[in-house]
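Peer 1: In the working numbering, the protein residues as written are 6 to 328.
Just so it is clear, CB atoms sit at the ideal spot from N, CA and C, and this is done for glycine as well.
Source: prediction; values computed, not measured.
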Amino acid sequence: MPLTEFSLIDRFFAGHKRRGDVALGIGDDAAVVDVPPGEQLVVAVDTLVAGVHFPDHTAAADIGHKALAVNLSDMAAMGACPRWATLALTLPRVDADWLGEFARGFFALAERFDVELIGGDTTRGPLCVSVQILGTVPRNRVLQRAGARAGDRIFVSGSLGDAGLALSLLQTQRACGEDERAELLARLHRPDPRVALGERLRGIASAVIDVSDGLLADLGHILQRSGVGATLWVERLPRSAAFQVCVSAQSPDWFELPLAAGDDYELCFTAAPAQADALQNLARELGIAITEIGAIEADTGLRCRLDDGRAFQPTRQGYEHFD
6 MPLTEFSLID RFFAGHKRRG DVALGIGDDA AVVDVPPGEQ LVVAVDTLVA GVHFPDHTAA
66 ADIGHKALAV NLSDMAAMGA CPRWATLALT LPRVDADWLG EFARGFFALA ERFDVELIGG
126 DTTRGPLCVS VQILGTVPRN RVLQRAGARA GDRIFVSGSL GDAGLALSLL QTQRACGEDE
186 RAELLARLHR PDPRVALGER LRGIASAVID VSDGLLADLG HILQRSGVGA TLWVERLPRS
246 AAFQVCVSAQ SPDWFELPLA AGDDYELCFT AAPAQADALQ NLARELGIAI TEIGAIEADT
306 GLRCRLDDGR AFQPTRQGYE HFD
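(1) With H, G and I counted as helix, E and B as strand and the rest as coil, what does DSSP make of Cys251?
(2) State the Cα-Cα distance for the pair Gln285 and Asp184, rounded to the nearest angstrom.
(3) Assign His194 to buried or exposed, taking buried as 16 or more other Cβ atoms, counted over all protein chains shown, within 10 Å of its Cβ.
(4) Whole angstroms are fine: how far does the CA of Ala201 sit from the CA of Thr141?
(5) Fully enclosed by the stretch 132 to 204, which alpha helix (DSSP H) runs are 4 residues long or longer?
(6) Would you please state the rounded distance, in angstroms, between the beta carbons of Ile138 and Ala235? I believe it to be under 8 Å.
(7) If you check the beta carbons only, do Pro87 and Leu77 fall under 8 Å apart?
(8) Does the ligand FMN have even one heavy atom less than 7 Å from the beta-carbon of Ala65?
(9) With a threshold of 6 Å on Cβ separation, who are the neighbours of Cys133 within its own chain once the five nearest residues in sequence on each side are excluded?
(10) Where DSSP assigns a beta bridge to Leu92, which residues make up the other side?
(11) Below 6 Å CB to CB, which residues in the same chain sit around Ala303 once its five sequence neighbours on both sides are set aside?
(12) Only counting the same chain, and skipping five residues up and downstream in sequence, which positions put a Cβ closer than 7 Å to that of Pro60?
(13) Are three or more beta carbon pairs between the stretch 106 to 119 and the stretch 36 to 45 nearer than 8 Å?
(14) Strictly by DSSP, which residues pair up with Val54?
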């Protein structure tokens, strides 16, 4: 028997995680949820399109994971606790095996972060996945892009450039060891959203953004919203061990990928110098590297420099959605 829209939903997407704060979930025209007293609702949405946001032959489980992960990263950047999600899925055809794998990747991550899928939609067309995520944050404690002040330091979690390097490996014959290749591809296909870090940055960070379009572009949003400028020390950008094996320090990619490639889904944030000890303690507690990479300044604009003080001029500025 062919799958209809409703049998598809019942088979692959209903009956998963059940939260106590969902009054009405999948199966009605809309969902009803209970927002805890003293909390504010935080809402984000991201769309992934085949051939644009992931290569055409990406595994279905990886697409399911990434579709939710990029939204969880938005929650992390707001310091919010993710709770509920909706899913709009456009499919070129109904493939039960593909759907089963997509659901496996999606719900494995949803279980990890205690997120319930509470509704959505399906239709026919070129492969496209839209996820809306809803979370909560204590009233007036949300993190924002605005708030950076002159004298603040700039920090980033984890490492940068891995996803961009992985995409380069898929598109070219670039040499890289098998273990390093696998590690880099995992960073592209299965980003690890920094939700715990985001929640702990409340009261520490002055401004936060997740690095989705590239460090230069995303840090630029903080500067624009905060009305400040910055100096970025490009030799201090954190690079993973796999990146360092596969990219020569003399290659232009040594700087360009961490600065502009995007898809890293790390958190870039600013904080006062007095928070340095708190951040190092937090890094140890969460097992996440936190690296100081620059400073906020009163003069607007973003200046990149080498450690010897010489100016560095990037050739790319980050991902542009309509370029």
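Peer 2: By the coordinates alone:
(1) One-based indexing of the sequence shown puts residue 251 at position 246. Correct three-state label for Cys251: helix.
(2) The count along the sequence shown starts at 1 and reaches residue 285 at position 280. The count along the sequence shown starts at 1 and reaches residue 184 at position 179. C-alpha separation (whole angstroms): 29 Å.
(3) Mapped onto the sequence shown, residue 194 falls at position 189. By the neighbour-count rule (16 or more Cβ atoms within 10 Å), His194 is buried.
(4) Numbered from its first residue, the sequence shown carries residue 141 at position 136. Numbered from its first residue, the sequence shown carries residue 201 at position 196. Their Cα atoms are separated by approximately 14 Å.
(5) 167 to 176 and 183 to 194
(6) Within the sequence shown, residue 138 is the residue found at index 133, counting from 1. Within the sequence shown, residue 235 is the residue found at index 230, counting from 1. The pair is not a contact, with the Cβ atoms about 29 Å apart (cut-off 8 Å).
(7) Position 82 of the sequence shown, counted from the start, is the residue given in the question as residue 87. Position 72 of the sequence shown, counted from the start, is the residue given in the question as residue 77. It is a contact, given that the beta carbons lie within the stated cut-off.
(8) With respect to small molecules bound, the structure shown includes none, and the ligand FMN cannot be examined in it.
(9) Position 128 of the sequence shown, counted from the first residue, corresponds to residue 133. If we look at Cys133 and ignore the five residues flanking it on each side, its Cβ neighbours are Val54 and Thr95.
(10) Translated into the one-based positions of the sequence shown, residue 92 becomes position 87. Answer is Gly125 and Val136, bridged to Leu92.
(11) Residue 303 sits at position 298 when you count from the first residue of the sequence shown. Same-chain partners within the cutoff: Ala155.
(12) In the sequence shown, residue 60 corresponds to position 55, counting from 1. The beta carbon of Pro60 sits closer than 7 Å to those of Leu175, all from its chain and outside the five residues before and after it, given in chain order.
(13) no
(14) If you number the sequence shown from 1, residue 54 lands on position 49. Cys133, per the DSSP bridge assignment.
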